[in-house]
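Order-wise, the sequence lines are chains A and B. Counting from 1, one number per residue, gives the positions in the first sequence under the numbering used here. Counting from 1001, one number per residue, gives the positions in the second sequence under the numbering used here.
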Amino acid sequence: DSGVTQTPKHLITATGQRVTLRCSPRSGDLSVYWYQQSLDQGLQFLIQYYNGEERAKGNILERFSAQQFPDLHSELNLSSLELGDSALYFCASSASTGASYNEQFFGPGTRLTVL
Amino acid sequence: GDSVTQMEGPVTLSEEAFLTINCTYTATGYPSLFWYVQYPGEGLQLLLKATKADDKGSNKGFEATYRKETTSFHLEKGSVQVSDSAVYFCALLTGTASKLTFGTGTRLQVTL
C-alpha cells in the first residue's frame, strides 16, 4: 500500500459526459501528479500540482483540468468525454518537487471506460 | 526531449531462469532512473532506483546499474519466480522537470 488513495476505482460513462477523479496523497506529501495509461499512448504525464499551485503540464487536453485543494487532495476533471479517453488514470505523490531524487508513490488508479 | 526505450515484450521465461530487460534513455542533464513494476490489476510500485552514474539499485533480487557511458539501465534478476510475472517500466526523471518519463513497458511471464 503506497498510501495514495484514488476514487472511484472504476468509472463507466458515455461520450460527451463529464467525470471527476479524486486523489488523496500520502500524508505529508505536497506534490500530486496525474498520469494517463492507455494502450496506444502508454504512460503519459498529464499535470503536476505542488502545494495548491500548478507546477508542470504535460500532454493534457484542454477538455481536462485539475486542481489541488488546501487539504492537498486533488481532482482531475475530464469533460466532453470521447471514446479515446478510456484509460487508467493514476495519481502519484511526492514529498516536494524539483529534485531528481524525489520518489513518486502511485495510487491504484481509476479505470475510466467511455461507451 | 527526454525519452526511454525498453525492449519489446512479452518476455516468457521458465522459473529460475535469468532475466534481463534492456532499457536505454535520452535525457538532458543528469536524470535519476527508476524501474517500476505493475502487477495485474494493480498500480505502479517502485522496484528500484539509481540517482547518479555507476549507482546500482537493487530490491527483491532485482538489480540495475546506471551506465552513463551507454545511457542504459538494464534490469536483471538471477532467478525469476512465477510471482515476478508483471509489467516492468523503466523511467527517468530530471532535476529540472517534475514528471516521470516512462518506457512502453515490458510484460514478463514466468512459467513453472
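We put the beta carbon where it would ideally sit given N, CA and C, even for glycine.
On a CA-only basis, which of the options is nearest residue i? Give me that one, please.
i, options, result
"Ser96(A)", "Leu61(A), Pro108(A) and Gln48(A)", "Gln48(A)"
"Gln37(A)", "Leu112(A), Pro25(A), Phe106(A) and Ala87(A)", "Ala87(A)"
"Gln6(A)", "Val32(A), Ala14(A) and Asn59(A)", "Val32(A)"
"Tyr1066(B)", "Ser1003(B), Thr1005(B) and Asp1055(B)", "Asp1055(B)"
"Thr110(A)", "Leu76(A), Gln67(A) and Gln17(A)", "Leu76(A)"
"Lys1068(B)", "Asp1084(B), Val1082(B), Ser1085(B) and Gly1029(B)", "Gly1029(B)"
"Pro70(A)", "Thr15(A), Ser24(A), Thr20(A) and Leu11(A)", "Ser24(A)"
"Val1080(B)", "Phe1018(B), Thr1012(B), Gly1001(B) and Val1011(B)", "Phe1018(B)"
"Thr1020(B)", "Tyr1039(B), Ser1083(B), Val1082(B) and Phe1062(B)", "Phe1062(B)"
"Glu54(A)", "Val4(A), Gln68(A) and Ile60(A)", "Gln68(A)"
"Pro8(A)", "Gly16(A), Asp1(A) and Cys91(A)", "Cys91(A)"
"Val1087(B)", "Ser1014(B), Pro1040(B) and Ser1032(B)", "Pro1040(B)"
"Arg22(A)", "Ser65(A), Leu39(A) and Gln104(A)", "Ser65(A)"
"Val4(A)", "Ala1027(B), Ser1014(B), Gly1043(B) and Glu1015(B)", "Gly1043(B)"
Is residue i near residue j, with beta carbons less than 9 Å apart?
i, j, result
"Leu115(A)", "Tyr89(A)", "no"
"Gly58(A)", "Phe45(A)", "yes"
"Leu1112(B)", "Phe1034(B)", "no"
"Ser1085(B)", "Ala56(A)", "no"
"Arg63(A)", "Ser80(A)", "yes"
"Thr20(A)", "Leu61(A)", "no"
"Gly107(A)", "Ser2(A)", "yes"
"Val1011(B)", "Gln1109(B)", "yes"
"Leu1075(B)", "Phe105(A)", "no"
"Ala1053(B)", "Thr1094(B)", "no"
Might you give, ordered along the chain, the residues of its own chain that have their beta carbon closer than 6 Å to the beta carbon of residue i, omitting 5 neighbours on each side?
i, result
"Gly1009(B)", "Thr1106 and Arg1107"
"Tyr1025(B)", "Val1004, Thr1071 and Leu1092"
"Leu72(A)", "Pro25"
"Ile12(A)", "Thr113"
"Gly52(A)", "Gln68"
"Leu39(A)", "none"
"Gly1057(B)", "Leu1048, Lys1049, Ala1050 and Ala1064"
"Glu1016(B)", "Ser1079"
Taking 8 Å as the limit between beta carbons, can you name the residues of its chain near residue i, skipping five residues before and five after?
i, result
"Gly1103(B)", "Val1004, Thr1005, Gln1006, Cys1023, Phe1089, Cys1090 and Ala1091"
"Asp1002(B)", "Tyr1025, Thr1026, Ala1027, Thr1028, Pro1031, Leu1092, Thr1094, Ala1097 and Thr1101"
"Ser1014(B)", "Val1110, Thr1111 and Leu1112"
"Val1082(B)", "Glu1015, Val1110, Thr1111 and Leu1112"
"Arg204(A)", "Only positions 1 to 115 of chain A appear in this structure, which leaves residue 204(A) out of reach."
Can you tell me which residues form a DSSP beta bridge with residue i?
i, result
"Gln1006(B)", "Cys1023(B)"
"Ala1086(B)", "Leu1108(B)"
"Leu170(A)", "Look at the range of chain A in this structure, 1 to 115, and you will see that residue 170(A) is not part of it."
"Thr1076(B)", "Correcting the residue identity first, residue 1076(B) is Glu in this sequence and not Thr. Bridge partners of Glu1076(B): Thr1020(B) and Glu1063(B)."
"Arg22(A)", "Thr7(A) and Glu75(A)"
In its own chain, which residues sit with a C-beta less than 7 Å from the C-beta of residue i, not counting the 5 before and 5 after it?
i, result
"Leu43(A)", "Tyr35 and Gln37"
"Asn102(A)", "Ser94, Ala95 and Ser96"
"Gly1078(B)", "Phe1018 and Gly1061"
"Thr1051(B)", "Ser1032"
"His10(A)", "Arg111"
"Glu82(A)", "Thr15 and Val114"
"Lys1059(B)", "At residue 1059(B) the sequence reads Asn, which differs from the Lys that was named. Within the same chain, Asn1059(B) has close Cβ partners Leu1047 and Leu1048."
Point to revise | Sequence ranges, alpha helix (DSSP H) only - wholly within the region 1042-1073 of chain B, length at least 4 | key: Complete alpha helix (DSSP H) runs here, min 4: none at all.
Check your understanding: Can you give, in chain order, each stretch of the beta strand (DSSP E) that sits fully within the region 27-93 of chain A and has at least 3 residues?
Key -> If we require 3 residues or more, the beta strand (DSSP E) runs fully inside the region 27-93 of chain A come out as 31-38, 42-50, 53-57, 64-68 and 74-78.
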